[in-house]
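4 protein chains.
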Amino acid sequence: MPHDLTRLHGVVPPVVTPLTDDYKVDFPSFTRVIEHLIKGGVHGLFFLGSTSEVTFHDEATRRAILEHAVKVVNGRLPVLAGVVDPATDRVIGHAVSARKIGVDGVVVTAPFYTRTSQAETIDHFRAIRAAAGIPLVAYDIPVCVHIKLDRDTVATLAHEGTVVGLKDSSGDDGNLRAVIGDLAGKAWAMTGSELLVDCAMLMGAAGAVPGLGNVDPAGYVRLYDAAKRGDWDAARREQIRLCRLFEMVRAGLPRTSVGAAGVGSFKTAMKALGIIDRNTMARPQRTLNDEETATVLRFVREAGIL
Amino acid sequence: MPHDLTRLHGVVPPVVTPLTDDYKVDFPSFTRVIEHLIKGGVHGLFFLGSTSEVTFHDEATRRAILEHAVKVVNGRLPVLAGVVDPATDRVIGHAVSARKIGVDGVVVTAPFYTRTSQAETIDHFRAIRAAAGIPLVAYDIPVCVHIKLDRDTVATLAHEGTVVGLKDSSGDDGNLRAVIGDLAGKAWAMTGSELLVDCAMLMGAAGAVPGLGNVDPAGYVRLYDAAKRGDWDAARREQIRLCRLFEMVRAGLPRTSVGAAGVGSFKTAMKALGIIDRNTMARPQRTLNDEETATVLRFVREAGIL
Amino acid sequence: MPHDLTRLHGVVPPVVTPLTDDYKVDFPSFTRVIEHLIKGGVHGLFFLGSTSEVTFHDEATRRAILEHAVKVVNGRLPVLAGVVDPATDRVIGHAVSARKIGVDGVVVTAPFYTRTSQAETIDHFRAIRAAAGIPLVAYDIPVCVHIKLDRDTVATLAHEGTVVGLKDSSGDDGNLRAVIGDLAGKAWAMTGSELLVDCAMLMGAAGAVPGLGNVDPAGYVRLYDAAKRGDWDAARREQIRLCRLFEMVRAGLPRTSVGAAGVGSFKTAMKALGIIDRNTMARPQRTLNDEETATVLRFVREAGIL
Amino acid sequence: MPHDLTRLHGVVPPVVTPLTDDYKVDFPSFTRVIEHLIKGGVHGLFFLGSTSEVTFHDEATRRAILEHAVKVVNGRLPVLAGVVDPATDRVIGHAVSARKIGVDGVVVTAPFYTRTSQAETIDHFRAIRAAAGIPLVAYDIPVCVHIKLDRDTVATLAHEGTVVGLKDSSGDDGNLRAVIGDLAGKAWAMTGSELLVDCAMLMGAAGAVPGLGNVDPAGYVRLYDAAKRGDWDAARREQIRLCRLFEMVRAGLPRTSVGAAGVGSFKTAMKALGIIDRNTMARPQRTLNDEETATVLRFVREAGIL
């Protein structure tokens with residue numbers, strides 16, 4: 160029986176995809192990632208998000224990732240699947256495939272590469288909803304798709320029932336607050352920020368989708384729990400500790416790109432924690448080297464999780 | 160025997176992909192497009208470029224498009240294939256497939272959705288070149304991928320032999336001129352502009368890849384020929400006529416997006432010319448309506464091609 | 160005796176500049192604005208910020224505004240003066256003038272129109288600090304100057320003593336949190352957001368510089384006080400009321416520009432509240448018309464301040 | 160008797176402003192710059208453009224620059240004056256001052272720092288035209304003001320007689336070509352590009368406003384003359400020589416900003432040519448150092464002008 164996505168809340172990490180040296184999915188490591196996250200107490204799992212390097216994976220690889228994930232999770236938690244590709248019919252293809260595999264909902268961005276309008280973007284979500292037969296979450300990530308989901312676009316999609324929630328990775332928290340007001344409980348919103356989870360909870364967010372949650376899921380769960388019980392001082396303290404840990408994302412700069420430095424540092428930390436075997440990044444991204452790994456480890460140690 | 164892509168020149172239109180009402184490829188119309196272009200005197204054909212709505216097509220559809228194209232062209236002209244997807248291994252997949260189908264070269268953009276550096280972008284081209292076993296053309300289109308191929312990136316790739324040419328759709332013609340100087344004949348450059356072909360030829364470009372060439376290939380061929388023989392007044396006159404025809408791209412605005420308005424107007428004109436059966440755009444783009452079609456037809460008539 | 164700017168905190172509104180019908184400063188209205196804010200309990204006053212339409216005023220007008228402001232405030236509160244112009248020596252001119260008039264500190268942006276680097280921007284602040292002989296506050300407002308003060312730039316300027324604080328209007332609250340950590344108490348940070356004051360306080364900000372504070376200073380003071388005493392539920396409730404009031408900024412759109420719509424709605428509300436005589440905006444900005452004014456009034460009434 | 164600006168054409172360099180070590184105008188050097196340009200055969204002179212570091216100069220300095228320039232030129236050539244500041248009334252102040260000093264026309268950008276709409280921008284030009292009593296030239300320079308003059312904005316201003324011409328530094332040459340078509344002879348357009356003067360002439364531009372013209376005015380005049388007589392091969396050859404000379408603008412990178420590297424290299428070359436005494440840049444820009452100067456000199460020598 161599927162989980163009810165309209166009630167999703169809490170910490171829902173965008174799960175990293177461990178790779179082998181020849182850029183294939185390392186499934187044994189992947190299993191350990193999933194168990195590590197469930198053991199950390201998270202409330203859901205988001206596969207094939209940006210942190211998973213989703214757009215580096217072709218159709219067959221994505222199916223294999225989801226099949227493995229659904230099998231390992233085995234209904235213990237709600238499972239979201241990113242269906243990230245440039246345009247409507249390809250996204251429908253991914254969404255239908257994900258539904259058949261048994262995920263609880265799919266996460267949909269605006270089109271990219273092409274230059275669509277807000278009106279066409281609304282049509283995009285509606286067409287996917289109609290064709291996919293599975294709950295949709297809107298994924299606002301202008302740094303990747305280079306179009307922002309307008310406040311009115313999100314309100315329209317939520318109030319007509321096209322989407323059940325919003326993952327906001329826009330970095331525009333003033334707008335997020337306005338959106339949460341607009342949603343009026345018709346749909347939930349989660350922040351994609353690692354650094355502002357206490358703030359997002361204060362604003363009324365339902366939870367967070369933090370990439371750093373791959374490294375320290377229990378920390379984010381403590382933060383979430385503190386916020387839920389109104390202990391804002393405890394939430395803030397935990398958030399500050401996690402902010403310091405997040406400094407690891409700068410270790411690879413400027414030798415690697417911003418994208419590779421962030422997810423690359425998560426993988427590097429997870430390798431150090433014994434969760435995955437390699438910190439390999441999908442091509443053409445550069446993998447963190449020994450010196451950069453040492454920097455990451457310093458932050459991991461200072462955060463008290465090694 | 161394949162065509163030698165190092166000597167490619169002239170007018171190489173990015174071929175549109177006609178669609179049926181349910182968003183499938185309309186192959187009979189597609190055949191007519193190809194014959195129309197060959198009859199127009201063009202020097203090569205670029206399939207699966209941005210004008211083809213390439214990023215809307217999944218892997219199977221792209222293969223079907225190329226197989227059909229290669230069969231219809233049957234060696235009469237050099238055939239380029241766009242291999243446009245976010246990251247390296249997926250592009251390699253498309254490139255290997257295209258090589259097996261029998262194209263003469265593939266056209267590669269920088270990664271997108273992900274945020275790579277110039278150094279990682281160079282690695283991207285190198286990895287594809289090594290794996291694909293087929294000549295590469297660099298495709299600079301920052302309006303879609305949101306990273307510009309730096310002048311030094313292009314020079315590096317050309318001088319080491321990773322790419323044989325550049326399709327420049329960057330809109331930065333000052334930089335294009337500097338790039339042409341840098342290339343020093345080691346690789347060619349073509350402009351993706353519809354409006355500046357005479358200028359690009361004056362700068363030393365090898366030719367043009369104009370989307371509007373789908374509508375009026377013979378006009379662009381006349382323009383190219385005039386420039387080649389140094390008759391700049393004739394080239395300019397033809398260019399100005401084509402600039403007026405290009406005004407059709409505004410017909411769909413602002414009801415459709417910029418992307419849909421441009422290619423949509425080309426399809427609408429080609430339908431009016433009897434070349435294709437429908438002007439349908441891939442989802443979620445809006446197709447030009449009757450009123451917008453009337454505007455397009457006015458420009459087509461004024462250009463003397465109807 | 161000047162106020163000690165290193166200890167500035169609380170609500171420090173960027174004071175609007177009321178204008179006459181022929182675009183001159185309406186000094187009687189201006190006096191009433193200042194008294195309204197002081198009566199509202201604010202902790203400081205920031206004249207010649209972006210909300211004051213500072214860049215519309217020439218050198219003589221700016222001096223007249225500051226002279227009037229300093230005379231009316233008469234030491235009751237700390238006074239900050241914006242010294243906003245494109246480059247170093249002009250800013251020094253404004254800063255020296257402001258110091259002579261008797262303000263407590265000046266607020267400095269990165270250079271604009273010109274395209275400076277972060278290193279040159281650091282030199283800009285240092286040169287002004289050396290020449291002006293008055294405390295400096297860094298003003299991060301990339302939406303206007305189109306360069307972001309890098310996190311490391313702010314840390315450098317604060318730790319060496321060039322600036323005593325930061326007004327952050329960057330909209331990048333993840334970065335603001337990192338900056339507050341970097342500052343480590345060596346300098347304060349205030350948010351320029353109207354919508355995230357509770358969050359900023361939770362992050363450790365010293366206060367806020369909200370344009371909407373011109374309309375409802377007492378509301379922002381209640382919000383600040385609640386946050387200071389750790390009553391986050393009260394802070395949040397007040398913030399949500401102010402977020403609803405802030406909706407007024409959309410009243411003028413799209414007839415006016417974004418800039419004119421925001422400050423224009425503040426002036427329109429203040430006129431309705433009897434504080435200023437006209438809602439005239441500096442040229443070429445459009446002033447809100449009757450219909451837009453009615454929309455603004457609806458929000459003012461719903462917020463319970465009329 | 161003033162020159163008729165509606166007939167302006169040819170090479171109109173944006174004149175650099177030589178500075179002393181303490182950032183004041185070096186008037187003896189400035190006189191030599193003007194004589195150097197007139198001797199080079201240019202068709203007009205544009206003072207207080209971006210290349211002059213106009214936004215670094217306060218009101219009094221700008222007046223002194225124009226008074227000196229008008230006195231030295233003494234009617235020998237048309238004189239344009241930039242009136243670049245963020246908003247309408249300040250620009251009117253500069254324009255009235257420039258008219259009284261005796262320039263033939265003023266060059267006006269869109270507002271900056273503030274965020275105006277296209278409609279407000281049109282009002283901006285109209286208000287200045289009405290108040291200044293002197294011909295206006297529109298200056299499209301989005302890289303500095305961060306708003307592009309829309310094609311329809313330029314057409315409106317030209318056809319109603321608000322502006323007599325356009326200086327296009329937008330870098331969008333496809334749009335420039337469309338604009339030239341729209342203008343239909345009602346107003347002229349000149350390119351601000353150093354690299355595309357032959358192309359701009361082929362498109363129908365009236366001339367060029369090249370910063371590099373400060374260094375090699377005679378070269379640009381030869382280029383212009385060749386294009387005017389239809390000798391496109393000669394125009395292209397001269398353009399290519401000037402493109403190579405333009406490579407000097409990279410000498411200061413990345414130690415200086417892009418802005419400082421460009422104008423800084425012009426000043427450095429002019430110092431080497433004995434025209435000005437120092438290559439000092441206005442603060443906070445960095446001045447080219449000895450090593451960078453050596454690089455500039457190499458390009459100057461290779462261009463055959465030393």
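Residue numbers (the working numbering), protein chains in the order written: chain A, 160 to 465; chain B, 160 to 465; chain C, 160 to 465; chain D, 160 to 465.
Idealized CB from N, CA, C, for every residue including glycine.
These numbers were taken from a predicted model, which means no experiment stands behind them.
DSSP state of residue i mapped onto helix, strand, coil
| i | result |
| --- | --- |
| P187 (chain B) | helix |
| E241 (chain C) | Per the sequence shown, the amino acid found at residue 241 (chain C) is Gly instead of Glu. Strand, per DSSP. |
| L412 (chain A) | coil |
| R178 (chain D) | At residue 178 (chain D) the sequence reads Leu, which differs from the Arg that was named. Looking at L178 (chain D) - three-state DSSP - the assignment turns out to be strand. |
| P376 (chain D) | helix |
| G366 (chain C) | strand |
| V304 (chain C) | helix |
| V170 (chain C) | strand |
| F271 (chain A) | coil |
Residue j beta carbon less than 8 Å from that of residue i
| i | j | result |
| --- | --- | --- |
| V338 (chain C) | R310 (chain C) | yes |
| F215 (chain A) | F271 (chain B) | no |
| V174 (chain B) | L204 (chain B) | yes |
| V213 (chain D) | L207 (chain D) | yes |
| V238 (chain A) | D263 (chain A) | yes |
| R152 (chain B) | L355 (chain D) | Residue 152 (chain B) falls outside the range modelled here, since chain B spans only 160 to 465, and no answer is possible. |
| V267 (chain D) | V296 (chain D) | yes |
| D436 (chain B) | S188 (chain B) | yes |
| K326 (chain D) | D357 (chain D) | no |
Cβ separation of residue i and residue j, assumed to be a contact under 8 Å, to the nearest whole Å
| i | j | result |
| --- | --- | --- |
| G366 (chain B) | H168 (chain B) | 5 Å |
| E353 (chain C) | L401 (chain C) | 7 Å |
Range of the contiguous beta strand (DSSP E) that encloses residue i
| i | result |
| --- | --- |
| V466 (chain A) | Nothing about residue 466 (chain A) can be read from this structure; chain A reaches only from 160 to 465. |
| D299 (chain C) | 295-299 |
| A348 (chain D) | 347-350 |
| T311 (chain B) | Just to set this straight, residue 311 (chain B) is Asp in the shown sequence, not Thr. That residue, D311 (chain B), is in no beta strand (DSSP E); its alpha helix (DSSP H) goes 310-318. |
| D327 (chain D) | 324-327 |
| L204 (chain A) | 204-206 |
Chain-ordered neighbours of residue i on chain C, where CB pairs are closer than 9 Å
| i | result |
| --- | --- |
| F425 (chain D) | Going along chain C, no residue has its Cβ under 9 Å from F425 (chain D), so there is no contact; the nearest lies around 15 Å. |
| F186 (chain D) | Going along chain C, no residue has its Cβ under 9 Å from F186 (chain D), so there is no contact; the nearest lies around 17 Å. |
| L361 (chain A) | D357, C358, L361, W391, A394, R395, Q398 |
| A337 (chain A) | L354, C402, F405, E406 |
| D384 (chain A) | Neighbours of D384 (chain A) on chain C: none; closest Cβ ~16 Å, over 9 Å. |
Within chain D, partners of residue i - CB distance below 8 Å
| i | result |
| --- | --- |
| V270 (chain C) | It is Pro, not Val, that sits at residue 270 (chain C) in the sequence shown. Within 8 Å Cβ-Cβ: P443. |
Span of the alpha helix (DSSP H) around residue i
| i | result |
| --- | --- |
| L456 (chain D) | 449-461 |
| F425 (chain A) | 417-431 |
| A289 (chain D) | 277-291 |
| F405 (chain B) | 391-405 |
| G252 (chain B) | 247-260 |
| M360 (chain B) | 356-362 |
| V232 (chain B) | 218-232 |
| A337 (chain D) | 332-342 |
Interface partners of residue i on chain C, CB under 7 Å
| i | result |
| --- | --- |
| G418 (chain A) | Neighbours of G418 (chain A) on chain C: none; closest Cβ ~16 Å, over 7 Å. |
Cross-chain neighbours of residue i in chain D, by beta carbon under 9 Å
| i | result |
| --- | --- |
| A246 (chain C) | E212, T214, F215, H216, A441, R442, P443, Q444 |
Per-residue contacts from residue i into chain B (C-beta, under 9 Å)
| i | result |
| --- | --- |
| G351 (chain D) | Per Cβ cutoff of 9 Å: no residues; G351 (chain D) is ~10 Å from chain B at best. |
Under 8 Å from the C-beta of residue i: neighbouring residues of chain C
| i | result |
| --- | --- |
| D331 (chain A) | G330 |
Residue i: contacting residues in chain B (beta-carbon distance under 7 Å)
| i | result |
| --- | --- |
| G340 (chain D) | C402 |
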